[in-house]
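Per the numbering used here, the sequence shown starts with residue 1, numbered consecutively.
Note that beta-carbon positions come from the ideal geometry of N, C-alpha and C, so glycine has one too.
Inspection log for the structure reproduced underneath, given as structure tokens.
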Amino acid sequence: MIRRIAVWMVQGIGFLMMGVILAACGELYGGKGQEPVPELVLTYAENQAEDYPTTKGAYKFAELVKERTSGRIEILVHAGGELGDEQAVVEQLQYGGIDFVRASLSSLSEFVPELNVLQMPYLYKNSEHMWKILEGEIGDEFMEILDGSGLTGLSWYDAGARNFYWTNKPVQRLEDIKGRKIRVQESEMMAAMVEALGGTAIPMTYDKVYSALETGEIDGAENNWPSYESVRHYEVAPYYTVDEHTRVPEMQLMSQYTWEKLSPEDQEIILECAKESALYERKLWTQRSEASQRRVRSAGCVVVELSDEEKARFQAAMMPVYQRFCADYMDVIERIVEAGEENRGLR
Ligand code: GCU
1 MIRRIAVWMV QGIGFLMMGV ILAACGELYG GKGQEPVPEL VLTYAENQAE DYPTTKGAYK
61 FAELVKERTS GRIEILVHAG GELGDEQAVV EQLQYGGIDF VRASLSSLSE FVPELNVLQM
121 PYLYKNSEHM WKILEGEIGD EFMEILDGSG LTGLSWYDAG ARNFYWTNKP VQRLEDIKGR
181 KIRVQESEMM AAMVEALGGT AIPMTYDKVY SALETGEIDG AENNWPSYES VRHYEVAPYY
241 TVDEHTRVPE MQLMSQYTWE KLSPEDQEII LECAKESALY ERKLWTQRSE ASQRRVRSAG
301 CVVVELSDEE KARFQAAMMP VYQRFCADYM DVIERIVEAG EENRGLR
């Protein structure tokens, strides 16, 4: 009997210890198989749809960070503008309410006006020219300009070139723009560009554009091929005028507040993963741009390519915009233009 009691006791202690060990594992692994519980969960705001190149870039970034920190850092991506419009999420980034944002330079320029230089109209000859600048000294200088703004720049994302589109009549000449109400991003420079072309600029957030086109509140808008297609603006504004007025780079940003809480090793991992995700996004961008063009053309959109002479007239109208937004940066503009001359012939 005494032996039976002793065996029960030993078994009992054994179960108890197993329970303690399992509970400890549960704490560490969250009770979900081998999934470790992250030490840090960070939020990432993206205003494009789940299948859009920049969103896929965000998921790639989150995946790489998780992998390289062995699950210590988890990044939760909120796509489709779930956390607010671009300017609202950048404001939250400044005080650490959100940890990462992918944003268009047009929105960012309202916080750091020097960034306008990199998105001036008709500045880059082509995509290679823009990438030569962003990946070179000038790109690094502009990343550093963010210091002290509450924002930490991580990498450059591609967003192609922007073109105009219209609800009821194509634009073939500069004069055709006169008096048309055109949606612009909430950016003073973009508004000035449209006014210099003779249009009336209506600043508005991205999510409001479809219905504004549909109801006639505006006559047109402007964006790159993938956005035009992804948010279905082509359904309500089927006339697309290719003038490639701007190439607006996009940035992957981190809240400086969150950045400073990380160890130098983790900062290094974040930077490296952001850069890798940007290369991935660029590849997806090229594919999506072509697919979007095909999709909207086959949906019956009328695409007008401006002649070189006409494009030169659009470009000439930009002089006051350069004077207003780049007067203190004409040396940088010259360096950018010169780099493009060396690139002549590339497409
Ligand atoms: C692009 C860009 C978005 C931006 C939008 C806009 O689609 O990727 O970040 O919000 O332009 O026109 O507002």
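- Residue environment: THR43 is assigned as buried (16 or more neighbouring CB atoms within 10 Å of its CB, all protein chains considered).
- Taking a C-beta distance under 8 Å as the contact criterion, ILE145 and GLU175 do not qualify as a contact pair.
- Contact between the segment 158-170 and the segment 238-255 is present: three or more C-beta pairs spanning the two stretches fall below 8 Å.
- By the criterion of at least three beta-carbon pairs nearer than 8 Å, the segment 94-110 is in contact with the segment 38-53.
- Shown here, GLN293 sits in a helix according to DSSP, grouped into three states.
- Residue nearest to TYR95 within the set GLU281, GLU39, GLY340, GLY148 is GLY148 (criterion: CA-CA distance).
- The alpha helix (DSSP H) runs lying completely inside the segment 75-148 and spanning 4 residues or more are 86-94, 105-108, 127-134, 137-145, given in chain order.
- MET254 carries a strand assignment under DSSP once its states are collapsed to helix, strand and coil.
- In this model, LEU262 and ILE270 are separated by some 10 Å (Cα to Cα).
- Nearest to THR152 by C-alpha distance, out of GLU222, THR258, GLU110, is THR258.
- With respect to the C-alpha of ALA201, the residue from ASP207, ARG294, ASP219, ASN168 having the closest C-alpha is ASP219.
- The bridge partners DSSP lists for TYR165 are ALA221, TYR240.
- Taking the Cβ of GLU86 as the reference point, at least one heavy atom of ligand 1 falls within a distance shorter than 7 Å.
- Looking at the DSSP output, TYR210 bridges to nothing.
- A distance of 8 Å or more separates the beta carbons of PRO170 and VAL65.
- DSSP lists THR200 as the beta-bridge partner residues of LYS181.
- Closest option to TYR124, judged by alpha-carbon separation, among ARG180, ARG324, GLN315, TYR206: GLN315.
- According to DSSP, GLU305 shares a beta bridge with VAL242.
- When DSSP reads this structure, SER155 sits in a beta bridge with GLN252.
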